[in-house]
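Okay, structure first, notes after.
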Amino acid sequence: MDQQKRLWRAQPGFQLLTKFFQINWFYVVLICGLAGVGYMALFSAGGGSAKSFAHPQIVRFAFGLVMMVFVAFVSPRFLRRLAIPIYLLSIVLLVLVLHMGHVGKGAERWIMIAGIQFQPSEFAKVALVLMLASWFHRVSHEKMGNPLYLIPPAIMTLLPVALILKEPNLGTAVITALIAAAMFFVAGMRLWQIIILAVPLPFLGGFVYNHLHDYQKARIDTFIHPENDPLGAGYNIIQSKIALGSGGMWGEGYLRGSQGQLNFLPEKQTDFIFTMIGEEWGYVGAIAVMALLACLSIGGVLMSIRCRNQFSRLLALGIAIDFFMYCAVNLSMVMGVIPVGGVPLPLISYGGSAMLTMMFGFGLLLSSWVHRDERERVD
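Using my numbering, you'd call the opening residue of the sequence shown number 1280 and step up by one each time.
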C-alpha cells in the first residue's frame, strides 16, 4: 500500500495538483483586487467607457494571470538555469531599443515585437532580480566580506542601468539601481562596504545631473519651484495637487472628478492614475488603495522570509522590493514629494509592458512560495 501511495504521489498530475493548492491564493486574490481597482480607475479615465483603456487592460491582466500561475509551477532549480539566458536577453533588448526603438515624448523606450509594442526596461528589472538571486545563491555569507565577489554583480547591475539611462529613462534606471542595492544588502553586504559605496554618491549625482536632457533637468527644477512655470513644466504637478486636494475626505464621486473628467489632469490613465482615484474616491478611497498596495508589498516580504533556500528567498524579496519601489515612486511623484519621472502604478496604470512583467514577477514570487520547503542548495 505504501509503495502504491509513493508511486501515485510521484505522478506528474499529482505533483501539479499539489503545487496548485500550495499557491498562496489569498495573495492572488489581493492581486486581482488591485487589478479591479485599476479597471474602475481606467473606466473613469476613459470617460465612462471601457473601450479606450479598461478593456485592453483587463485582457492583458487575464493573460498575465494565466502566465503567473504557470510560472508559479516552475521549480527554482529550473529558474536558476534560466537566469543567465533571461538576463542576456534583457540586455540584447535594451541594446536593440537604442538602435531601432520607438520614440515617445523625447525618449526611445519601446520596440515592436510580433506587432506588439514592448518596453524592455520593465523586463530588465525582473531579469536583474533573477540574475542577482542566482549569483548571491552561490556566494556564502563569509565570501560577501570579500569585495572581489561583489564586482561581478556590480557589473551585472551597472550594465542595464546604463542602458536604461541612455534611452533616457531616469525613473526606471533609479528604481533598478535601488532594487539591486537592496538585494546586495539583504544578501549580506557589510556595513563598511555600503559606506564606501555611499561616499561618492553626491558627486555621482552631480555628474548625472549635468548629463541629463533638458526636459529631465526641467522636471527637477519644476519639482523645487513648480509655480515658476504653471502652464509649462509645472503644469502636471500643479494639476495633480489640485485634483488630490479637491477630493476631500470622501471624494467628488465616481466619474464626477472635475480635473479628470474635464481633461485638466495630464496622463490620467498612466502616471497620474492615482490622482484620479484621490479626486473621485477621496482621502478614504486613496488610503484604502494604498493599504492594498502595502498588503501586497508586505505579503511578498513575508513569503520570502519563509523560503528555506537563498535563491528563492532573494528572488521573492527582489520582486517584492520591485513592486514596492514602483508604488513608492509613483505615489511620491503625484503628491509632489519627488520630481515627476514617468513611473506607472503597478496593475492600475494603463500599459502592457509594466502589467505583464509585473505579473511575471509575481509568478516568480509565488514559485518561491510554492517551493519554499526546498533545502538550502537549489542545484
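Note that the Cβ used here is the ideal one computed from N, Cα and C, for glycine as well.
Using the rule of at least 16 other Cβ atoms within 10 Å of the residue's Cβ for burial, across every protein chain shown, is residue i buried or exposed?
| i | result |
| --- | --- |
| K1422 | exposed |
| A1433 | exposed |
| P1364 | exposed |
| Q1540 | buried |
| T1297 | exposed |
| D1652 | exposed |
| V1371 | exposed |
| I1454 | buried |
| W1287 | Note on W1287: pLDDT 48, under 50, position unreliable in the model; the coordinate value appears next. Its Cβ having fewer than 16 others within 10 Å, W1287 is exposed. |
| P1426 | exposed |
| H1378 | exposed |
| F1641 | buried |
| M1347 | buried |
| A1403 | buried |
| R1388 | buried |
| A1570 | exposed |
| L1523 | buried |
Once the 5 residues before and after residue i are set aside, which same chain residues still bring their CB inside 6 Å of it?
| i | result |
| --- | --- |
| S1223 | The question about residue 1223 has no answer, for the chain in this structure spans 1280 to 1658. |
| M1582 | A1595 and W1648 |
| P1580 | Per the sequence shown, the amino acid found at residue 1580 is Val instead of Pro. Result list for V1580: A1599, in chain order. |
| K1547 | A1324, G1539 and M1555 |
Can you tell me which of the options puts its alpha carbon nearest to the alpha carbon of residue i?
| i | options | result |
| --- | --- | --- |
| L1635 | I1310, K1298, Y1306 and F1300 | I1310 |
| G1615 | F1551, A1459, Y1629 and L1409 | F1551 |
| P1618 | N1515, A1570, M1319 and M1555 | N1515 |
| S1369 | A1412, L1442, V1345 and A1573 | L1442 |
| V1345 | D1652, H1650 and M1637 | M1637 |
| Q1589 | S1611, H1420, A1460 and G1524 | H1420 |
| S1611 | S1519, M1347 and A1351 | S1519 |
| L1645 | S1591, G1621 and D1601 | S1591 |
| Y1605 | L1626, R1587 and R1585 | L1626 |
| A1461 | G1597, F1299 and F1322 | G1597 |
| V1405 | L1367, L1375 and E1558 | L1367 |
| V1308 | I1584, V1608, L1572 and R1587 | L1572 |
| V1353 | R1388, L1373, G1315 and L1295 | L1295 |
| L1449 | G1621, H1650 and F1639 | G1621 |
So, under 8 Å CB-CB, residue i and residue j are touching, yes? Tell me the CB distance rounded to an integer number of Å.
| i | j | result |
| --- | --- | --- |
| L1407 | M1435 | 7 Å |
| W1529 | V1563 | 6 Å |
| L1643 | L1313 | Wrong, their Cβ atoms sit about 18 Å apart, outside the cutoff. |
| G1532 | E1559 | 6 Å |
| F1322 | A1329 | 5 Å |
Among the residues of its own chain, which have a CB less than 7 Å from the CB of residue i, if the five just before and after it don't count?
| i | result |
| --- | --- |
| A1466 | F1415, M1423 and L1593 |
| A1459 | L1407, L1411 and T1436 |
| T1549 | P1623, S1628, Y1629 and G1630 |
| G1317 | Q1336, L1626 and I1627 |
| L1375 | I1390 |
Go through its chain and collect everything with a Cβ distance to residue i's Cβ below 8 Å, but skip five positions before and after it.
| i | result |
| --- | --- |
| P1431 | W1414 |
| M1468 | M1423 and L1429 |
- Message: I'd like to know if the region 1354-1373 and the region 1321-1337 are in contact, where contact means that at least 3 CB-CB pairs between them fall below 8 Å.
- Response: no
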